[in-house]
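In the working numbering, the protein residues as written are 16 to 139.
Each residue gets a CB set at the ideal place from its N, CA and C atoms; glycine is no exception.
Predicted, not measured: the structure shown is a model, and the values here were computed from it.
Accompanying notes for the structure given below.
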């Protein structure tokens, strides 16, 4: 196994990403803006993009792009957010369509509306 570290230190006891058996496992990425320590401003669309951009930072630290993502688990605080999350997700990934689950839950840390985790495949 190999840890993937990024410039921004996580606030919890975890590693942003772990490489094992040809896959990169990306820890849950919330919509907390590293610059402010608060959820991204602009509602669920902005929060979704923030979480996806943070995921992309871990991918890039591993030498990967978003096209390497094979699975995302997306946690949202209300099923009513699904359509907006789906729209932002589609804008981010474009024609690439990783497997995905969107799971409504009661609440997330820091008042976030979304958190996502991902698995990406290493090339070669």
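Excluding the five sequence neighbours on either side, which residues of its own chain have a C-beta within less than 7 Å of the C-beta of residue i, listed in chain order?
{"i": "residue 40", "result": "32, 33, 134"}
Per DSSP, residue i forms a beta bridge with which residues?
{"i": "residue 134", "result": "40, 86"}
{"i": "residue 54", "result": "47"}
{"i": "residue 216", "result": "Since the displayed the chain opens at 16 and closes at 139, residue 216 lies outside it and no answer follows."}
Run through DSSP, which three-state label would residue i get?
{"i": "residue 78", "result": "coil"}
{"i": "residue 59", "result": "helix"}
{"i": "residue 126", "result": "helix"}
{"i": "residue 69", "result": "helix"}
{"i": "residue 98", "result": "helix"}
Please classify residue i as buried or exposed, where buried requires at least 16 neighbouring CB atoms within 10 angstroms.
{"i": "residue 59", "result": "buried"}
{"i": "residue 112", "result": "exposed"}
{"i": "residue 65", "result": "buried"}
{"i": "residue 56", "result": "exposed"}
For residue i, which residues from the same chain have a beta carbon less than 6 Å from its beta carbon, with the 5 sequence-adjacent residues on both sides left out?
{"i": "residue 127", "result": "45, 46, 54"}
Taking CB distances under 8 Å as the criterion, tell me whether residue i reaches chain B.
{"i": "residue 81", "result": "Absent here is chain B; the protein component of the structure consists of one chain."}
Go through its chain and collect everything with a Cβ distance to residue i's Cβ below 8 Å, but skip five positions before and after it.
{"i": "residue 83", "result": "39, 74, 135, 136, 137, 138"}
At a cut of 8 Å, does the stretch 76–86 reach the stretch 47–57 through at least three beta carbon pairs? no
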